[in-house]
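Reviewing the structure listed below.
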Amino acid sequence: MDSSIEAAVTRSSRPQVEADSGDLHCGGLKESSEMSSVSELVDEVMSVAVCATSSDQLRQISPPKGLEEMDNEDLSFSRPSSFLLYRSPTMPVGRTHQKRPDELVAVRLLKSRSSLLEHFTLDTLRAATEEFDDNCRIGSGRFGSVYRGTLPDGREVAIKRAKSWNRDIEMAFNSEMIALARASHENIVCLLGCCSESGECVLVSELMINGTLYDQLHKRSPMAAPVLWWRGRLTIALHAARGIEYMHVHTVPPIIHRDIKSANILLGNLWIAKVTNLGQSSVLNPLDDNGDNPQKQWGTAGYKDPEYYRLQHMMDKSDVYSFGVVLLELMSGCHVVQRYAESVMPKNIVDFAVPHIVADDVARVLDPRLPTPTSHEAEALAYVGYLAADCVGPIGHERPSMTEVVDALERAVAACSTPPVSP
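Going left to right, the sequence shown walks through residues 1 to 423 as the UniProt record's numbering numbers them.
Have a look at this one:
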């Protein structure tokens, strides 16, 4: 084994992962104190994003190279420490709108510049969903319902309709529309267009035919084949991680999702996983130290970064925490909060799983509905367990970045399809 690898394996001190948010460039975004209204903030974000796009400054980032192209010759599968591109420290040795404008801010801005987004009429969307019939509804959330619809040209789409209008709805509509318009990546749901007329807020996006990861794990019986084998589950995790990494690293300014959970990971054709529901997303602005509105509750219970309750500030590492919970959910098949065999009261999945992982007993965490993992699958799962434990660590700046998470998952997926290396 290479001497540098030996050193990494034997070190006993926990390395400190520096917070990288201070190095993020905000592309000229004003400090929040300079902005007098929500409209001004949205306008500023759109100006930066559209300007960058029009001058070809936003790079089109392709996802990491295919797993089949990865060089596995240097991998040793004798212990979890073989995955060394990410070394796990856990591994053993403003103003409000009083009246709804005729047209939402985001819609006006997108119409005022060249945009590939379509602007649908309400009549078209009513016809596509049979007047928003309950039989066409495929999901619902805090801001409204999602319907399956067929457009006049035959395209099948997902149509997200706000339940009513208020300031939170408008903010969510603007945030999701702007974020999706900027974040073009194969692991982020593609926004096709919108409708803002007659008091309606409607988004139209690509249809993901296999539903949410949450439904596949907890509601489908029997589960679909790709969720019934370990490599399939880790591949889904990898796809979602790539989408989140793109928002954190490759959008200008960076985007924090703020509500990563299995219900916000959709599964499409060929079981490609994509991140959705960016209605709570926020631009990451390192110049703003004022934190979030303490009255505003972002995220979902069980997935939310506990550090947020102490600091009242959401950062990119908050998404990392939430994704770590999703990793534990994928590995265990458990709900985020449930009653476990050894507990009288319900437990959070973090409190249940992490002690077993740290004790090098990942097998206690694994979903019993799946086949017993092979030796190389077991090693990859142990490594992903350590990775998940790091993601849900209590101190935000010590968590891995999403780039490190993606790198680790790529190697874990490759290990699941590669036989162990002979000694």
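Where a beta carbon is used, it is the ideal one built from N, C-alpha and C, also for glycine.
Partner residues in the beta bridge of Gln338, as assigned by DSSP, are Lys347. When DSSP reads this structure, Ala162 sits in a beta bridge with Gly144.
For Ala273, the secondary structure class from DSSP, reduced to helix, strand or coil, is strand. Rounded to whole angstroms, the Cβ separation of Lys274 and Val189 is 5 angstroms, and the two are in contact under 8 angstroms. Contact between the region 233-252 and the region 173-186 is present: three or more C-beta pairs spanning the two stretches fall below 8 angstroms. For Ser332, the enclosing alpha helix (DSSP H) starts and ends at 316-332. Collapsing the DSSP output to three states places Arg137 in a strand.
Taking all protein chains in view, the Cβ of Ala301 is surrounded by fewer than 16 other Cβ atoms within 10 Å, so the residue is classified as exposed. Taken through DSSP and simplified to helix, strand or coil, Thr212 comes out as strand. A residue is called buried when at least 16 other Cβ atoms come within 10 angstroms of its Cβ; Arg310 does not meet this threshold and is exposed. Spatial neighbours of His356 in its own chain (CB-CB distance under 6 angstroms, excluding positions within 5 residues in sequence) are listed in chain order as Arg364, Val365. By a beta-carbon distance limit of 8 angstroms, Gly144 contacts Lys163. Their separation comes to about 4 angstroms.
By the criterion of at least three beta-carbon pairs nearer than 8 angstroms, the region 113-128 is in contact with the region 193-212.
For Ser262, the secondary structure class from DSSP, reduced to helix, strand or coil, is helix. The C-alpha of His248 is placed about 8 angstroms away from the C-alpha of Met402.
Rounded to the nearest angstrom, the Cβ distance from Lys347 to His397 is 27 angstroms, too far for a contact under 8 angstroms. Residue pairing by DSSP puts Val202 in a beta bridge opposite Arg161, Cys195.
In this structure, Pro368 lies away from Leu381, with their beta-carbon atoms at least 9 angstroms apart. Within the region 220-268, the complete alpha helix (DSSP H) segments at least 4 residues long are 230-245, listed from N- to C-terminus.
Ranking Ile395, Val406, Trp230 by CA distance to the CA of Gly333 puts Trp230 first. By the 16-neighbour rule on beta-carbons within 10 angstroms, Glu131 is exposed. For Asp390, the enclosing alpha helix (DSSP H) covers residues 375-391.
Taking the C-beta atoms as reference points, Ala389 is found nearer than 9 angstroms to Thr90. The three-state secondary structure of Glu176, taken from DSSP, is helix. Judged by DSSP secondary structure, Asp153 falls outside any alpha helix (DSSP H); it is assigned neither H nor E.
Between Asp361 and Asn269, the alpha-carbon positions lie close to 35 angstroms from each other.
Looking at Ile159, Ala158, Phe173, the one whose alpha-carbon comes closest to that of Trp165 is Phe173. The C-alpha of Gly199 lies about 26 angstroms from the C-alpha of His257. Under the three-state reduction of DSSP, His119 is assigned to strand.
Comparing C-alpha distances from Val337 to each of Val354, Val358, Tyr303, His313 shows the shortest one belongs to Tyr303.
When DSSP states are grouped into helix, strand and coil, Ile357 belongs to the helix group. Residue range 306-311 is occupied by the alpha helix (DSSP H) that includes Glu307.
By DSSP's assignment, Ile169 forms no beta bridge with any residue. Comparing alpha-carbon positions, the option among Glu307, Gln312, Val252, His239 lying closest to Thr276 turns out to be His239.
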